[in-house]
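Chemist:
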Amino acid sequence: MKSLTSVVVPAYNEEDLIKITLATLKRCSWVDQLIVVDDGSTDRTALIAKNYCDQVISFKQNKGKACALKEGWKASLNDVVISLDADLGITAREGEKLVEKLLSSKLDCVIARLPLQQKSGFGMMKHRAQKLIFSQTGRWFNAPLSGQRAIRKSWLPLLLDKSYVGYGVEMAMTIDLLKAGAEVEEVEVNFCHRATGKDVRGFIHRGKQWIDMEKTLRKMR
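When you line the sequence shown up against our numbering, it's residues 106 to 326, in that order.
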């Protein structure tokens, strides 16, 4: 499939998985531009990325996922822009399904809904995001926090003008797109990435997600 597609990969300390993710994407014919935004990593993430990408944008310190995505969006040259997480490994090739769905429809944004996997967390963040999106738009999404999304570049100015905070970006951009009249749908895609467990690291990650979502919601109000 021939398309004009930019792929943006925000990354923070992902040296263990980013190589296979990027190597996979580099071999995909649907990827025209591959951008990694290194969000202040303290490991070899940026060095590894430079071997596979068209552009690596590096922050000197961690600024959060929202800032990383925005910098990648600004550098995107093509009509379709896909955001993918750095830990997808070989399943990153499944991003083609997002491109196909977007280009074969009148949709403005496509969100990847992952197949059911063994539950590793409590689902609190997901349910919180679902309720927030529903209260603002009347739409219910199964994957409100999915970082795997394809969007038409024409909608990026709207998102770049918003004050998103860290991990609150996916929830907030969904709300803003819908309120602006964009057509947004989910599609099941066989992505597989690192799950957040019920250990200390998992609780810290979910706590940061919660804080970022609440900060973003206050800004939106």
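Backbone N, C-alpha and C fix where the C-beta goes; we use that ideal spot for every residue, glycine too.
If you're wondering where the values come from, they're calculated on a predicted model, not measured in any experiment.
Taking 6 Å as the limit between beta carbons, can you name the residues of its chain near residue 124, skipping five residues before and five after?
Modeler: 153
Chemist: Please say whether residue 194 and residue 140 have beta carbons closer to each other than 8 Å?
Modeler: no
Chemist: Look up residue 151 in the DSSP assignment and say whether it is helix, strand or coil.
Modeler: helix
Chemist: Is the beta carbon of residue 291 closer than 8 Å to that of residue 413?
Modeler: The structure shown does not extend to residue 413, since the chain is modelled only from 106 to 326, so the question has no answer here.
Chemist: What's the C-alpha gap between residue 305 and residue 148?
Modeler: Because the pLDDT of residue 305 is 49, which lies under 50, any placement of that residue in the model is unreliable, and the number read from its coordinates should be weighed accordingly. So the alpha carbons of these two residues sit roughly 21 Å apart.
Chemist: How would you call residue 286, buried or exposed, if buried means at least 16 neighbouring beta carbons within 10 angstroms?
Modeler: exposed
Chemist: Please determine, among 133, 220, 280, 252, the residue with the shortest C-alpha to C-alpha distance to residue 272.
Modeler: 252
Chemist: Within a Cβ cutoff of 7 Å, which residues of the same chain sit near residue 296, ignoring the five residues on either side of it in sequence?
Modeler: The residues 193, 196, 199, 217, 219, 253, in chain order, have a CB closer than 7 Å to that of residue 296 in the same chain once the five nearest residues on each side in sequence are set aside.
Chemist: Roughly how many angstroms lie between the CA atoms of residue 180 and residue 261, to the nearest whole one?
Modeler: One C-alpha to the other measures close to 11 Å.
Chemist: Using the C-alpha atoms, what's the distance from residue 281 back to residue 266?
Modeler: Computed Cα separation, rounded: 11 Å.
Chemist: Residue 186 and residue 113 - do their beta-carbons sit closer together than 8 Å?
Modeler: yes
Chemist: Would residue 144 pass as a contact of residue 116 if the rule is Cβ separation under 8 Å?
Modeler: Contact flag set, yes.
Chemist: Using 8 Å for Cβ pairs, my map puts residue 276 next to residue 250. What's the rounded Cβ distance?
Modeler: 7 Å
Chemist: Please state whether DSSP places residue 253 in a helix, a strand or coil.
Modeler: coil
Chemist: What is the DSSP secondary structure of residue 214, counted as helix, strand or coil?
Modeler: strand
Chemist: According to DSSP, is residue 281 part of a helix, a strand, or is it coil?
Modeler: helix
Chemist: Measure the C-alpha to C-alpha separation of residue 161 and residue 142 and round it to an integer number of angstroms.
Modeler: Approximately 6 Å, taken between the alpha carbons.
Chemist: Could you pull out every residue in the same chain whose Cβ sits closer than 6 Å to the Cβ of residue 190, ignoring the five residues on either side in sequence?
Modeler: 252, 298
Chemist: What span of residues does the beta strand (DSSP E) with residue 195 cover, start to end?
Modeler: Segment: none, residue 195 is in no beta strand (DSSP E) and carries neither H nor E.
Chemist: Following the continuous beta strand (DSSP E) through residue 220, name the residue where it begins and the one where it ends.
Modeler: First-last for residue 220: undefined, no H or E at that position.
Chemist: When we look at the beta-carbon of residue 169 and count the other beta-carbons within 10 Å, is it buried (16 or more) or exposed?
Modeler: buried
Chemist: How long is the line joining the alpha carbons of residue 303 and residue 228, rounded to whole angstroms?
Modeler: Its pLDDT being 49, under 50, residue 303 is placed unreliably in this model, and the value from its coordinates should be taken loosely. Roughly 11 Å between the two C-alpha positions.
Chemist: Would you tell me roughly how many angstroms separate the C-alpha atoms of residue 109 and residue 245, rounded to the nearest one?
Modeler: 30 Å
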